[in-house]
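Residue numbers (mature numbering (1 follows the signal peptide of the UniProt record, and there is no 0)): -23 to -1, 1 to 324.
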């Protein structure tokens, strides 16, 4: 055996051997999101802020000596804290889904690259047999060996990326690096209209903050609009109200634009998924036909293996498209202020 062949054999053995270093925890997308919500420091901080704001608001409303402005500010702070907690949960949801789909794709890519190595290994064997009977050159064998070496390295890289993805998901969920994505996500179809989602934007932190500023400024105008308050104070209060209203209008427009963009991205992802599903179906049909042709003796096992690789690539592309739909819905959820992914509940 030549040095090059010994190297390829050793590399292939190392690449295909994947002993479990430790027990792995298989997660569903739902369990990953639940764990991430329980682990997220932002969610915990937001919950603490809400608890504090609720206690302060209850005290302010119950205290007869608290003035109207202080009561309004306390109520506004509580409403804003509620929105902050909801936003933190949606952000944690988006991060968990992104980490889960990344690991899912990394796992599938390892399977794909493993099959690619198997195909390229067979390619070296075929080239060597042809060389032995004078139907190929040494250059053909060398090229086949180089192709195998490249695919073996790609497989090693894919395994490294899978480990990194597992570590990221393990950190987000608090479960450590020994996690594995258990199954693909079937995202729900987007049934809500853009208009309906726009009508619910008032729950976003940015819009609640802007609305709170308008409410406070409106109260200040009311408190200054009397005979015993200097005219300049009233004018300043009206100016502050006008500024707050303009800021609110800008915040509403920005939120609407972000939502519209996220909504379009979700629709596009759904359309591309259908394309990927059609391609997978075509590849599956070809593989089924070639399996029958192999049994009838009209094609070789090598040709069927190539068809199997084509199918595997189509399946991987479909998985990516499927994940893109879920990720787009997660981004839309953050933009809309409500969970549209079908994972993790209403939050």
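Cβ atoms here follow ideal geometry from the backbone N, Cα and C, with glycine treated the same way.
Within the same chain, and ignoring the five residues on either side of residue 324 in sequence, the residues whose Cβ sits closer than 7 Å to its Cβ are 63, 66, 67, 70, 316. Judged by DSSP in its simplified three-state form, residue 113 adopts coil rather than helix or strand. Spanning the alpha carbons of residue 244 and residue 287 requires a straight line of approximately 27 Å. Residue burial annotation: residue 50 is buried, with at least 16 other C-beta atoms found within 10 angstroms of its C-beta. Just so you know, the alpha carbons of residue 14 and residue 157 end up roughly 18 Å apart.
Classified as exposed, residue 44 has fewer than 16 neighbouring CB atoms from the shown chains inside 10 Å of its CB.
Counted as a single uninterrupted DSSP element, the stretch harbouring residue 14 is not any beta strand (DSSP E) but the alpha helix (DSSP H) occupying residues 6 to 16. A residue is called buried when at least 16 other Cβ atoms come within 10 angstroms of its Cβ; residue 199 does not meet this threshold and is exposed. Taking all protein chains shown into account, residue 262 has fewer than 16 neighbouring C-beta atoms within 10 Å of its C-beta and is therefore exposed. Counting only the Cα atoms, residue 59 lies some 21 Å from residue 194. Taking each of 185, 25, 206 in turn and checking the Cα distance to residue 227, the smallest one comes out for 185.
Residue 151 and residue 16 have their C-alpha atoms roughly 6 Å apart.
The distance from the Cβ of residue 101 to that of residue 76 is about 37 Å, inconsistent with a contact at the 8 Å cut-off. Secondary structure at residue 308: helix, using DSSP grouped into helix, strand and coil. By the CB criterion at 9 Å, residue 264 and residue 171 fall outside the cutoff. Pairing residue 136 with residue 293, the inter-Cα distance amounts to about 16 Å. Contact between residue 125 and residue 117 does not hold, since the beta-carbon distance rounds to 13 Å and is not under 8 Å.
The residues 185, 189, in chain order, have a CB closer than 8 Å to that of residue 56 in the same chain once the five nearest residues on each side in sequence are set aside. For residue 158, there is no enclosing alpha helix (DSSP H); the residue is found in the beta strand (DSSP E) stretching over 156 to 158.
Within the region 125 to 186, complete beta strand (DSSP E) segments of at least 3 residues are found at 156 to 158, given in chain order. Taking a C-beta distance under 9 Å as the contact criterion, residue 307 and residue 249 do not qualify as a contact pair. The DSSP-derived three-state label of residue 235 is helix. Short of 6 Å from the beta carbon of residue 89, and not among the five residues preceding or following it, lie these beta carbons of its own chain, in chain order: 289, 293. The beta carbon of residue 233 is closer than 8 Å to those of 175, 178 in its chain, skipping five residues each way along the sequence.
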